[in-house]
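Undergrad: Protein chains in written order, with our numbering: chain H, 1 to 254; chain X, 255 to 466. First, the structure itself, so that you have it in front of you.
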Ligand code: HEM
Ligand code: FES
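Next comes the structure, spelled out in structure tokens:
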């Protein structure tokens, strides 16, 4: 098996949010197949720096697939072609020698490009601010057995809470909808007793904020769930719909 | 009352309207198909069915106006959603590949929708707002389908309907919050079977009438 590969990259370069961007072509050689995708970009950036050219800007932090900072669309697939993988955990062994890769930022009206592959995902934060929390007085931790949680509910809540807020669902959705993200955040609280008191206000608040920010609307196309690096399920979207209906039709919330 | 409006202009509220009106059309398609299958039993039976239907008088008018209202809601809200969805990605991808989530049906909903709207208008002009005083409806239908172009048009239109409903059926349940490990596969299968029954059921009528 060949241990290193050479690639042709077409990378979106854009100097700033108001600047016009375009694709630049780069040849990268002798990339170890043990490298991650981001390490491959690091190698290219070192070359660019040596040549006195501006390196490619891309977001990253943990490089362990848990922080949600990284992400780009590689040959039309958010976080690249591997299932359940963030870009930082995508390894170059999944590519072949002489592959041509087109690398673009998330495309969404709500996520303006900051620079090159970096987009502003603070709209996801705004959705959280609109209700993705519980209000409790801090103090000593309560007795654990005073709030029984069925194992199944805990599992489903954990599956929803696996969302790292990377925005791949928005990038993957043909409608640019943020429903998978919002539904994961609504679900992981709605499934637990601590989340119930504010469930109605949360469902209405978060959906209204999501609408206001200019995301598209869900058409149940399910591209989000297949591209989600944490494999968050669209069953959460159905739960969001139920929580939203309950909130408007049954609760006093307006 | 402002909350009612706020509910139905929210993204999820509008989707609920699409789902509710869409499922009403599914019921309509079922009854419409059941009636049209009587065409296979010849002119007398079909004309008698049409006469019985029209003897409902004002009740039939109420149903027709109801269908019109449902259609207006479904089309206006569908186009509104489509417009917003298109605007949500002003800069398109240079390369976009499906990860395997979308189907032909789900990827083409607004387009099949608009084609159906055009077809429904044509269909109504052809068979509904037509002078039936001197010729019975069976003869009108039969005459229309002597034209091969007309037959091809109808068969194609039914393919479009089947495509729309192949996604719409399941999607409506998901929008209404019905997602379940046991029932969702059944709902999806039922949607595919229903869309095939509709496509083949309606689609064969013009071919049969042509060959008659
Ligand atoms: C016999 C006629 C029709 C039937 C049976 C039907 C059925 C349905 C159903 C069941 C849905 C799913 C709702 C959901 O996703 O929750 C749907 C969605 C949709 N329909 Fe129709 N429909 C019909 C006509 C039309 C027409 C004439 C248009 C024209 C614009 C249209 C446009 C749409 C669009 C754009 C959606 C997707 C909305 C979204 O998910 O964002 N439909 N339809
Ligand atoms: S850098 Fe943290 S998830 Fe990729």
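Beta carbons: idealized from backbone N, C-alpha and C, even for Gly. Keep in mind it's a predicted model, so treat the numbers as computed, not measured.
#1: With 7 Å as the limit, tell me which residues of the region 94-110 of chain H have their beta carbon closer than that to any beta carbon of chain X; keep them in chain order.
#2: Classify residue 30 of chain H as buried or exposed, calling it buried when 16 or more other Cβ atoms lie within 10 Å of its own Cβ.
#3: For residue 405 of chain X, which residues of its own chain have a beta-carbon under 7 Å away from its beta-carbon, when the five flanking residues on both sides are left out?
#4: Would you check if the distance between the CB atom of residue 43 of chain H and the CB atom of residue 28 of chain H is smaller than 8 Å?
#5: When Cβ atoms are compared, which residues of the region 225-248 of chain H fall closer than 8 Å to chain X?
#6: Alpha carbon to alpha carbon, what distance is there between residue 411 of chain X and residue 309 of chain X?
#7: Could you name the residues of the same chain whose beta carbon sits closer than 6 Å to that of residue 300 of chain X, not counting the 5 residues immediately before and after it, in chain order?
#8: I'd like to check one pair, residue 267 of chain X with residue 226 of chain H: are the Cβ atoms closer than 8 Å?
#9: Under the three-state reduction of DSSP, which class applies to residue 135 of chain H: helix, strand or coil?
#10: Can you list, in chain order, the residues of its chain with a C-beta nearer than 7 Å to that of residue 426 of chain X? Leave out the 5 residues immediately preceding and following it.
#11: Start and end of the alpha helix (DSSP H) containing residue 24 of chain H?
#12: Can you tell which of H:104, H:73, H:193 and H:156 has the C-alpha that lies nearest to the C-alpha of residue 146 of chain H?
#13: Run the CB neighbour count on residue 316 of chain X, radius 10 Å, all protein chains shown included, and call it buried at 16 or more, exposed below.
#14: Given a cut-off of 8 Å on the beta-carbon distance, is the pair residue 169 of chain H and residue 216 of chain H in contact?
#15: Compute the distance between the beta-carbons of residue 255 of chain H and residue 36 of chain H, then report whether it is under 8 Å.
#16: Using a beta-carbon distance below 8 Å, is residue 19 of chain H in contact with chain X?
#17: Out of H:21, H:84 and H:248, point me to the one whose CA is closest to residue 202 of chain H's CA.
#18: If we cut at 8 Å on Cβ distances, does residue 363 of chain X have a partner in chain H?
#19: Would a check of beta-carbon distances place residue 429 of chain X closer than 8 Å to chain H?
#20: For residue 457 of chain X, count the other beta carbons within 10 Å of its own beta carbon; 16 or more makes it buried, fewer makes it exposed. Which is it?
#21: For residue 177 of chain H, name the three-state secondary structure that DSSP assigns.
#22: Is it the case that the Cβ atoms of residue 108 of chain H and residue 341 of chain X are separated by a distance below 8 Å?
#23: Can you list, in chain order, the stretches of the alpha helix (DSSP H) that have 4 or more residues and sit fully within the region 281-342 of chain X?
#24: Which residues of chain X have a Cβ atom closer than 8 Å to the Cβ of residue 209 of chain H, listed in chain order?
#25: Below 9 Å between beta carbons is the criterion; list the residues of the region 343-362 of chain X that meet it against any residue of chain H, in chain order.
#26: Counting Cβ pairs closer than 8 Å, one from the region 155-165 of chain H and one from the region 226-239 of chain H, do we hit at least three?
#27: Let me check understanding here. Comparing Cα to Cα, which of H:94, H:116 and H:18 lies closest to residue 34 of chain H?
#28: If you drop the 5 nearest sequence neighbours on each side, which residues of the same chain put their C-beta closer than 7 Å to that of residue 4 of chain H?
#29: Going by beta carbon distance, what residues of the same chain come within less than 6 Å of residue 366 of chain X, once the five residues before and after it are set aside?
#30: Going along chain H in order, which residues have a C-beta closer than 8 Å to the C-beta of residue 443 of chain X?
#31: Helix, strand or coil: which one does DSSP assign to residue 100 of chain H?
#32: Tell me the rounded alpha-carbon separation between residue 351 of chain X and residue 74 of chain H.
#33: Alpha helix (DSSP H) containing residue 126 of chain H: first to last residue?
#34: Which word fits residue 133 of chain H, buried or exposed, when buried means at least 16 other C-beta atoms lie within 10 angstroms of its C-beta?
TA: So, from the data block:
#1: Contact residues of the region 94-110 of chain H toward chain X are 102, 104, 107, 108 and 109 (C-beta to C-beta distance below 7 Å).
#2: Here residue 30 of chain H is taken as the residue at index 30 of the first chain, counted from 1. Residue 30 of chain H is exposed by the Cβ-count criterion.
#3: Indexing the second chain from 1 puts residue 405 of chain X at position 151. Only 399, 460, 461 and 464 meet the Cβ criterion.
#4: Counting from one through the first chain, the residue named residue 43 of chain H turns up at place 43. Counting from one through the first chain, the residue named residue 28 of chain H turns up at place 28. In terms of Cβ geometry, residue 43 of chain H and residue 28 of chain H form a close pair [threshold 8 Å].
#5: Within the region 225-248 of chain H, the qualifying residues are 225, 226, 227, 234, 235, 237, 238, 239, 240, 241, 242, 244, 245 and 248.
#6: Residue 309 of chain X sits at position 55 when you count from the first residue of the second chain. Residue 411 of chain X sits at position 157 when you count from the first residue of the second chain. Approximately 29 Å between the Cα atoms of the pair.
#7: Translated into the one-based positions of the second chain, residue 300 of chain X becomes position 46. Answer for residue 300 of chain X: 292, 293 and 392, listed in chain order.
#8: Your numbering for residue 226 of chain H matches position 226 in the first chain. Your numbering for residue 267 of chain X matches position 13 in the second chain. Not in contact: residue 226 of chain H and residue 267 of chain X (Cβ atoms no closer than 8 Å).
#9: Within the first chain, residue 135 of chain H is the residue found at index 135, counting from 1. Correct three-state label for residue 135 of chain H: coil.
#10: Translated into positions along the second chain, residue 426 of chain X becomes position 172. The beta carbon of residue 426 of chain X lies closer than 7 Å to those of 273, 276 and 277 in the same chain, with the five residues before and after it left out.
#11: On the first chain, residue 24 of chain H is found 24 positions in, with the first residue counted as 1. In the DSSP assignment, residue 24 of chain H falls outside any alpha helix (DSSP H) and within the unbroken beta strand (DSSP E) covering 22-32.
#12: On the first chain, position 146 is the one that residue 146 of chain H refers to. Scanning H:104, H:73, H:193 and H:156 for the CA closest to the CA of residue 146 of chain H turns up H:193.
#13: One-based indexing of the second chain puts residue 316 of chain X at position 62. With fewer than 16 other Cβ atoms within 10 Å, it is exposed.
#14: As a first step, residue 169 of chain H must be located in the first chain, where it is residue number 169. As a first step, residue 216 of chain H must be located in the first chain, where it is residue number 216. Contact: no.
#15: Residue 255 of chain H is absent from the structure shown; chain H starts at 1 and stops at 254.
#16: Within the first chain, the letter at position 19 stands for residue 19 of chain H. For residue 19 of chain H, the answer is no, since every Cβ of chain X falls outside 8 Å of its Cβ.
#17: Within the first chain, numbered from 1, the residue matching residue 202 of chain H stands at position 202. Comparing Cα positions, the closest option is H:248.
#18: Position 109 of the second chain, counted from the start, is the residue given in the question as residue 363 of chain X. Yes - at least one Cβ of chain H is within 8 Å of the one on residue 363 of chain X.
#19: Within the second chain, numbered from 1, the residue matching residue 429 of chain X stands at position 175. Yes, residue 429 of chain X lies at the interface with chain H (some Cβ there is under 8 Å from its Cβ).
#20: To locate residue 457 of chain X, count along the second chain from 1; it is residue 203. Burial call: buried.
#21: By 1-based counting over the first chain, the position of residue 177 of chain H is 177. Correct three-state label for residue 177 of chain H: strand.
#22: In the first chain, counting from the first residue as 1, residue 108 of chain H sits at position 108. In the second chain, counting from the first residue as 1, residue 341 of chain X sits at position 87. In this structure, residue 341 of chain X does not lie closer than 8 Å to residue 108 of chain H by Cβ.
#23: For the region 281-342 of chain X, the full-length alpha helix (DSSP H) segments reaching 4 residues or more read 297-308 and 312-341 along the chain.
#24: Taking the first chain and counting its residues from 1, the one referred to as residue 209 of chain H is at position 209. Close partners of residue 209 of chain H in chain X (Cβ separation under 8 Å) are lacking, with about 11 Å as the shortest Cβ gap.
#25: Those would be 343, 344, 345, 346, 347, 348, 349, 350, 351, 352, 353, 354, 355, 356, 357, 360 and 361, in chain order.
#26: The region 155-165 of chain H, when compared against the region 226-239 of chain H, does touch it at the 8 Å Cβ threshold.
#27: Here residue 34 of chain H is taken as the residue at index 34 of the first chain, counted from 1. Closest option to residue 34 of chain H, Cα to Cα, is H:94.
#28: The count along the first chain starts at 1 and reaches residue 4 of chain H at position 4. Only 30, 31, 32 and 33 meet the Cβ criterion.
#29: Mapped onto the second chain, residue 366 of chain X falls at position 112. Once the five neighbours on either side are set aside, the close Cβ partners of residue 366 of chain X are 414, 417 and 418.
#30: The sequence position of residue 443 of chain X within the second chain is 189, counting from 1. Within chain H, no residue comes near residue 443 of chain X; the closest Cβ sits about 16 Å away, beyond 8 Å.
#31: Position 100 of the first chain, counting from 1, holds the residue named residue 100 of chain H. Note: residue 100 of chain H maps to strand in three-state DSSP.
#32: If you number the second chain from 1, residue 351 of chain X lands on position 97. If you number the first chain from 1, residue 74 of chain H lands on position 74. The alpha-carbon separation between residue 351 of chain X and residue 74 of chain H amounts to approximately 10 Å.
#33: On the first chain, position 126 is the one that residue 126 of chain H refers to. Note, residue 126 of chain H: alpha helix (DSSP H), 122-129.
#34: The sequence position of residue 133 of chain H within the first chain is 133, counting from 1. Exposed, by the Cβ-count rule.
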